[in-house]
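The numbering of the sequence shown is my numbering, which starts it at 119 and goes up by one.
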Amino acid sequence: MKIFFLGDVVGRSGRLAVTKNLKSITEKEKIDFVIVNGENAADQGVGITEEISNDLFKCGVDVITTGNHVWDQKETINFIEKETRLLRPENLSNNSPGKGFGIYKSKNGYRVGVLNLMGNVFIKKCENVFEAATIFKQKYKLKDDYDFLVVDFHGEATSEKMAMGHFFDGKATLVVGTHTHVPTNDIRILINGTAYQTDAGMCGDYDSVVGMNKVNSLNKFLKKDSTKHFPAEGNATLSGLIVECDTSNGLAHKVKKFIYGGELSK
Ligand SMILES: [Fe+2]
Numbered sequence: 119m120k121i122f123f124l125g126d127v128v129g130r131s132g133r134l135a136v137t138k139n140l141k142s143i144t145e146k147e148k149i150d151f152v153i154v155n156g157e158n159a160a161d162q163g164v165g166i167t168e169e170i171s172n173d174l175f176k177c178g179v180d181v182i183t184t185g186n187h188v189w190d191q192k193e194t195i196n197f198i199e200k201e202t203r204l205l206r207p208e209n210l211s212n213n214s215p216g217k218g219f220g221i222y223k224s225k226n227g228y229r230v231g232v233l234n235l236m237g238n239v240f241i242k243k244c245e246n247v248f249e250a251a252t253i254f255k256q257k258y259k260l261k262d263d264y265d266f267l268v269v270d271f272h273g274e275a276t277s278e279k280m281a282m283g284h285f286f287d288g289k290a291t292l293v294v295g296t297h298t299h300v301p302t303n304d305i306r307i308l309i310n311g312t313a314y315q316t317d318a319g320m321c322g323d324y325d326s327v328v329g330m331n332k333v334n335s336l337n338k339f340l341k342k343d344s345t346k347h348f349p350a351e352g353n354a355t356l357s358g359l360i361v362e363c364d365t366s367n368g369l370a371h372k373v374k375k376f377i378y379g380g381e382l383s384k
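Okay, here's the thing in structure tokens:
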């Protein structure tokens, strides 16, 4: 059983790289379940639309996770209610549309739980993420409620993400960070069997500032005139990881980084 996780898809170039390459990659790597974080997938680099979600599902994505930009395209508020394969962070306020957790069927018939969380440090305000995770762990159990569990922790602070990795160690198949758009070099299996990476990186053009046009981004920091922010348009790198799962206990057997195309694979 192999689960493929891809970091934040940024803009058109990120989307194209996913839709063009995902099928051949999943065939070559014998992938059974695919998760991507899609919260930057819209043309503007923030939010996601129904059409883009459907394009990602059509090319082989099983579940799309999000984060702080989930509501940046207004239509998401409506279609997330009917599209259970699109998740928003679980620890948004209770009356938020959509869901932060779901259980899905993999191509080879296993139940895969996907939990989307968002951090509390240096990021948009939301409910306490460790309280939400505690409630979740009391309610759901690996092997009882699902065969595998993937946690996407959308956060800025490395420490917070690492702490969450340990919090779920032995209770999840994979805990992976998203949001910073830079893949961290700490992919490993934690002591109790959970695969972990602080950030999966992005599916976007790395000749940029976190996926956005580098000239505009720099001008913003230099307090010079910068036109409306937009994503970089060069060839995207696909950045993520592949977990080989142990079907007997739902934990990680092997994990490897996945970097394909664009600037990072040079
Ligand atoms: Fe984000």
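Glycine is no exception: its CB is placed at the ideal position from the N, C-alpha and C atoms. Keep in mind that this is a model prediction, so the values were computed, not measured.
Across the structure, Leu369 and Lys289 are spaced so that their CA atoms are roughly 8 Å apart. For Phe151, the closest alpha carbon among the candidates Glu245, Glu168, Leu292, Asp190 is that of Leu292. Going by DSSP, Ala370 is part of the beta strand (DSSP E) stretching over 370-378. A check of alpha carbon separations from Lys255 across Ala281, Ala275, Asp265, Phe285 identifies Phe285 as the nearest. Between Phe248 and the set Gly273, Leu260, Ser344, Arg130, the nearest pair of CA atoms involves Gly273. Taking the Cα of Gly218 as reference, the smallest distance to any Cα among Asn238, Val188, Thr365 is reached at Val188.
With a cut-off of 8 Å on Cβ pairs, the stretch 332-341 is not in contact with the stretch 295-314, counting fewer than three such pairs.
When Cβ pairs closer than 8 Å are counted between the two stretches, the stretch 375-383 is seen not to touch the stretch 335-343, the count staying below three.
Per DSSP, Asn234 is not a residue of any alpha helix (DSSP H); the beta strand (DSSP E) it occupies stretches across 229-236. Counted as a single uninterrupted DSSP element, the alpha helix (DSSP H) harbouring Thr194 occupies residues 194-200. The straight-line gap separating the alpha-carbon atoms of Ala159 and Glu199 is approximately 19 Å.
Note on geometry: alpha-carbon atoms of Gly156 and Glu169 lie some 12 Å from one another.
Remark: the C-beta of Glu157 is in contact range of ligand 1, defined as less than 7 Å to any heavy atom. The DSSP-derived three-state label of Arg306 is strand.
At least 8 Å separates the beta-carbon of Leu205 from that of Glu245. Rounded to whole angstroms, the gap between the alpha carbons of Asn238 and Glu351 is 31 Å. Contact check for Ser131 and Pro349: beta-carbon distance about 7 Å, within the 8 Å limit, so the pair qualifies. Counting along the chain, no beta strand (DSSP E) covers Lys225, and no H or E run does either. Taking C-beta atoms as the reference points, Lys176 and Glu147 fail to come closer than 8 Å.
Classified as exposed, Glu193 has fewer than 16 neighbouring CB atoms from the shown chains inside 10 Å of its CB. The C-alpha of Ser224 lies about 18 Å from the C-alpha of Lys259. Nearest to Asp287 by alpha-carbon distance, out of Asn367, His299, Tyr228, Asp325, is Asn367. Measuring C-alpha to C-alpha distances from Gly231 to each of Lys261, Thr144, Asp190 identifies Lys261 as the nearest. Closest option to Asp323, judged by alpha-carbon separation, among Ser383, Val268, Ile149, Val361: Ser383. The beta carbons of Asp126 and His347 sit about 15 Å from each other, so the pair does not count as a contact at 8 Å.
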